[in-house]
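The numbering of the sequence shown is our numbering, which starts it at 3 and goes up by one. A short worksheet on the structure shown next.
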Amino acid sequence: MKLVSSRRFTVKMFLALMGFSFIFCLCSNTFASDKKENILAQVGSYKLTLEEFETQIQSLPPQLQMALLRNPQLKEQFLDRWVDITLIA
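As structure tokens, then:
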């Protein structure tokens, strides 16, 4: 029972950290259009480059970084979450 609640807490923390990371990213002026960019996703005028995506992953706690690096599907869900949050913002 404690393992299940621990996993739920971890998932909730992961989603919260993702949300805050992307909101922070959206509020900053890191979206420069004068450089050549490898754009992973775009929502309206907001663009997420590979470099910014990797920076967002590096800002997460080490356990979450490792989970994203080991699981490509989780990394894709992380990117999908950025799109969702950007659409809501």
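Backbone N, C-alpha and C define an ideal beta-carbon position, used for all residues, glycine too. The structure displayed is predicted, hence computed values, not measured ones.
Between the CA atoms of residue j and residue i - distance to the nearest angstrom
{"i": "glutamine 58", "j": "leucine 50", "result": "10 Å"}
{"i": "serine 47", "j": "phenylalanine 80", "result": "20 Å"}
{"i": "proline 64", "j": "lysine 14", "result": "16 Å"}
{"i": "threonine 12", "j": "glutamate 78", "result": "18 Å"}
{"i": "alanine 43", "j": "threonine 88", "result": "10 Å"}
{"i": "asparagine 73", "j": "isoleucine 90", "result": "26 Å"}
{"i": "valine 45", "j": "serine 61", "result": "22 Å"}
{"i": "glutamate 39", "j": "glutamate 54", "result": "10 Å"}
Residue i - DSSP class collapsed to helix/strand/coil
{"i": "alanine 91", "result": "coil"}
{"i": "leucine 17", "result": "helix"}
{"i": "leucine 50", "result": "strand"}
{"i": "proline 74", "result": "helix"}
{"i": "leucine 66", "result": "helix"}
Residue i CB to nearest heavy atom of the ligand GTP below 7 Å
{"i": "glutamate 39", "result": "With respect to the ligand GTP, the structure offers nothing, as it holds no ligand at all."}
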